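So the sequence lines, in the order shown, correspond to chains A and B. Quick note, the first sequence lines up with residues 280 to 577 if you use this note's numbering. Quick note, the second sequence lines up with residues 124 to 409 if you use this note's numbering. Even glycine gets a Cβ: it sits at the ideal position worked out from N, Cα and C. Values in this document were obtained by computation on a predicted structure and should not be read as measured data. Reviewing the structure listed below.
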Amino acid sequence: MRTDDEIRAVFRDAGATGWVHATPISGPRREVAVGADESVVMASVYKLPLLVALCRRFAGGTLDPRAPVRVHPPSSSPGPTGVAAFLDPVTLSWRDLAASMITVSDNAAADVILGEVGLDAVRATIAECGLIGTTVVGGQADTEAALVRETGATSAAEAFALLADNDAALTVSAYDPAFASATTARDMTRLLSLIWSDAAGTAEQCAFMRRLLGLQIWPHRVRSGFPYAGVGIAGKTGTIGAIRNEVAVVTFPGETPVAVAVFTFAARADAALPAVDAAIGRAAWLAVTALRSGDLRR
Amino acid sequence: MSGVDLLRHLRLFVAVAEEGHFGHAADRLGMTQPPVSQGVRRLEDKLGVTLLTRTARGVGLTAAGAELLPRATALLADARRFTDDAERHREAHAELRVGVVPQLSAWHVAAVVDGVRRAGPRVVTTVASTVELVGAVVAGQLDCAVVHHPALVHPLECGSVVRLSTDFLVPAGLAVRRFGHLRDLALAAAPRSHNTAAADLLLDSLRAKGLDPSLVPAATDRETVAAVAAGGAFGLTADPGLRAPGIDRVSLGGEEFHLRVRLVWRALEPRLRDVVEGALECHADR
């Protein structure tokens, strides 16, 4: 079976629709593509172009990465991780806010960074990186406000509970690439390749971005496909309702790193679907294995 | 051309030109000769062009008539295609091809079919798995389908989720009052390949109740009844009237076990969509 058909079968079995693009970050152009140019919802994957835009401010000298920022959690976007989970105000530097935004997908940190960098700068970064299929329309705060409005809920928590109800099967704009922040699987492997080839900013800033992505803590998606010692996984997940994504660079020792972007939309509304998370890992394994530069001949 | 039914008169002209004789043309058209001859004359008057030469030896075409005849034939052929196409649309409209999953009870199927029939169209019903039904609607082989939710329905349009009340079917005499009493039984249910998402949701819901049954494939109520009556399995039914020897029907609570269905379509009149969904809704559990 062809790799792309195998990947489709994996998603079908997991009860999800999937979009995948994988390509080595350098060398002759080789790829695995499943709906790679179709528009998909980013969810927290939007924090990746936001990180690139922030690092450009650092490199341009218009924002000091070490400058202290005061964050007041109760008035920021709620979230389960990082500063968003705190109760009391904290002060941390811009670069540590970036670390929290990327390593644990901190919503409060991302909103503070987006407030400083601005949507226009994010859009300019996207254009300069040649990501023609990518549009960022706002941050987590905007997404949640729209969700609450559309579901008729009184809070973000209530809106997310409705989103997880299999009886409701809601159609919300957060699920629609025409309204939400959207990209394509191919755009995201392109952005990762630029970061890995020091072309998304200065070499110093690209190294900083690679370090943060490598520190991401989630083991359930792309990492679950590569539970091997010595294999580096550097990525960013994105999750909202039935949408589960991860874009990552997989590095086998001594081999050319492979960028892989996986976007999914599950049939079930349940907040936890380990089968779909595992399917993302399996799809990434199938795609990356087909593209590895090491000697895999029998 | 006001006052002249162009297509009707062209039909007369073409018949006479092709037969070369007014009488033969009248026979072919099932008319008498005078109205045929008068009709062609009226057409010539209206157009201000003589189309036919009338001599003792018979009827011929003038230069203008010869040039216009193929155009008249083409117009008539196009008119026929036009009405044929309209006919096809009317026939398609007169028949609604509906797919249903086998889990939908005979009772609910009848409610859907009866509702659509009252709305006008004839109904042709196909019973197949969710995966097959979605494929058939995508391919245009069905107009719409009632599928088991949750399911992969991309790229189809879908209606709201309708929840149909279900009961558990257990071997008679087991005195099943709680989920724990099902522990030693297998589950008779549709094969996972019929719809992995719905099958996994059912299994997850049972696991949340402390059960992890092995699966006996049973796509229909009939197969479920056979497996349950055999003694080693329990099943679920959304048929409000299902009773059978050797089987007890028990309600264990738990709305998560109700049958969720959803109408999917590619292009469907809102009126018919409402009829099908209404038929499901009015017998649904809300």
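Neighbourhood of residue i by C-beta distance below 6 Å, restricted to the same chain and skipping five residues each side
{"i": "A:T296", "result": "F544"}
{"i": "B:V232", "result": "V223"}
{"i": "A:D584", "result": "With chain A covering 280 to 577 only, the question about residue 584 of chain A has no answer from this structure."}
{"i": "B:V299", "result": "V293, V373"}
Close beta carbons around residue i, own chain, < 7 Å, minus the five adjacent residues each side
{"i": "B:W230", "result": "D362, P363, G364"}
{"i": "A:G361", "result": "S379, V383, D385, A387, A388"}
{"i": "A:R577", "result": "In this prediction, A:R577 scores a pLDDT of 46, lower than 50, which makes its location untrustworthy; the coordinate-derived value is nonetheless stated afterwards. Here the set comprises nothing."}
{"i": "B:S328", "result": "E379, F380"}
{"i": "B:V250", "result": "V223, P225"}
Buried or exposed by the 16-neighbour rule on C-beta atoms within 10 Å, applied to residue i
{"i": "A:D556", "result": "buried"}
{"i": "A:P303", "result": "buried"}
{"i": "A:A562", "result": "buried"}
{"i": "A:L330", "result": "buried"}
{"i": "B:V247", "result": "exposed"}
{"i": "A:P553", "result": "exposed"}
{"i": "A:Y507", "result": "exposed"}
{"i": "A:L494", "result": "exposed"}
{"i": "A:S503", "result": "buried"}
{"i": "B:L386", "result": "buried"}
{"i": "A:T463", "result": "buried"}
{"i": "A:T404", "result": "buried"}
{"i": "A:R594", "result": "There is no way to answer for residue 594 of chain A, as the model of chain A reaches only from 280 to 577."}
{"i": "A:E580", "result": "Any answer about residue 580 of chain A is impossible in this case: the structure gives chain A only from 280 up to 577."}
Limits of the alpha helix (DSSP H) - the one that residue i falls within
{"i": "A:W373", "result": "373-382"}
{"i": "B:A148", "result": "145-152"}
{"i": "B:P294", "result": "First-last for B:P294: 290-294, but that is the beta strand (DSSP E), not the alpha helix (DSSP H)."}
{"i": "B:F136", "result": "129-142"}
{"i": "A:F337", "result": "326-339"}
{"i": "A:P347", "result": "That residue, A:P347, is in no alpha helix (DSSP H); its beta strand (DSSP E) goes 347-350."}
C-alpha distance - residue i paired with residue j, whole-angstrom precision
{"i": "A:P353", "j": "A:V369", "result": "11 Å"}
{"i": "A:S434", "j": "A:A378", "result": "28 Å"}
{"i": "A:A432", "j": "B:A352", "result": "46 Å"}
{"i": "B:D290", "j": "B:V257", "result": "27 Å"}
{"i": "B:N169", "j": "B:E218", "result": "Note on residue identity: the sequence assigns Lys, not Asn, to residue 169 of chain B. Using only the alpha carbons, I get a separation of about 43 Å."}
{"i": "A:G306", "j": "A:D316", "result": "21 Å"}
{"i": "B:L324", "j": "B:A313", "result": "13 Å"}
{"i": "B:D150", "j": "B:D207", "result": "25 Å"}
{"i": "B:C405", "j": "B:R134", "result": "54 Å"}
{"i": "A:E285", "j": "A:V539", "result": "16 Å"}
{"i": "A:L470", "j": "A:P328", "result": "8 Å"}
{"i": "A:Y454", "j": "A:A447", "result": "14 Å"}
{"i": "B:R366", "j": "B:G358", "result": "13 Å"}
{"i": "B:G282", "j": "B:R383", "result": "12 Å"}
{"i": "B:T173", "j": "B:E142", "result": "18 Å"}
{"i": "A:L565", "j": "A:G573", "result": "15 Å"}
{"i": "A:T516", "j": "A:R500", "result": "8 Å"}
{"i": "A:R281", "j": "A:G514", "result": "26 Å"}
{"i": "A:F487", "j": "A:A425", "result": "33 Å"}
{"i": "B:R177", "j": "B:G183", "result": "7 Å"}
{"i": "A:R291", "j": "A:A550", "result": "19 Å"}
{"i": "A:G358", "j": "B:D307", "result": "42 Å"}
{"i": "A:Y325", "j": "B:G296", "result": "58 Å"}
{"i": "B:P273", "j": "B:F205", "result": "43 Å"}
Residue range of the beta strand (DSSP E) that includes residue i
{"i": "A:T413", "result": "It is not in any beta strand (DSSP E) - A:T413 carries neither H nor E in the DSSP assignment."}
{"i": "B:C267", "result": "267-271"}
{"i": "A:I512", "result": "511-519"}
{"i": "A:N524", "result": "522-530"}
{"i": "B:L223", "result": "In the sequence as presented, Leu is not what sits at residue 223 of chain B; that position holds Val. Note, B:V223: beta strand (DSSP E), 218-223."}
{"i": "B:R286", "result": "285-287"}
{"i": "B:G181", "result": "181-184"}
{"i": "B:I370", "result": "370-373"}
{"i": "B:G358", "result": "356-360"}
{"i": "A:I297", "result": "First, the residue type needs correcting, since residue 297 of chain A is Gly and not Ile in the sequence shown. Note, A:G297: beta strand (DSSP E), 295-303."}
{"i": "B:L177", "result": "This sequence places Arg at residue 177 of chain B; Leu is not what is there. Unbroken beta strand (DSSP E) run through B:R177: 175-178."}
Cβ neighbours of residue i in the same chain (closer than 8 Å, five flanking residues each side left out)
{"i": "B:L130", "result": "L198, L199, A202"}
{"i": "B:R409", "result": "Unreliable placement is indicated for B:R409, whose pLDDT of 43 sits below 50; the coordinate value is still reported in the next sentence. Answer for B:R409: R286, listed in chain order."}
{"i": "A:I411", "result": "D466"}
{"i": "A:W373", "result": "L333, F337, L342, D343, P344, R345, A346, V348, I392, E395"}
Contact test: residue i Cβ vs the ligand SAH heavy atom, cutoff 8 Å
{"i": "B:E190", "result": "Among the ligands in the structure shown, none appear at all, so the ligand SAH cannot be discussed."}
Partner residues on chain C for residue i, Cβ-Cβ distance less than 9 Å
{"i": "A:G560", "result": "This model lacks chain C altogether, as its protein chains are A and B."}
Point to revise | the segment 268-283 of chain B: positions lying closer than 8 Å to chain A by Cβ | key: H272, P273, A274, L275, V276, H277, C281, S283
Check your understanding: Taking a cut of 7 Å between CB atoms, which residues from the segment 510-524 of chain A lie near chain B?
Key -> none
Review point. Mind listing which residues of the segment 308-328 of chain B have their C-beta closer than 7 Å to chain A's C-betas, in chain order?
Key: T319, A320, D323, L324
Practice item. Determine which residues of the segment 391-402 of chain B have a Cβ less than 8 Å from any Cβ of chain A, and write them out in chain order. Key: none
**Study point:** Contact residues within the segment 372-391 of chain B, judged by C-beta distance below 9 Å to chain A
**Key:** E378, E379, H381, R383, R385
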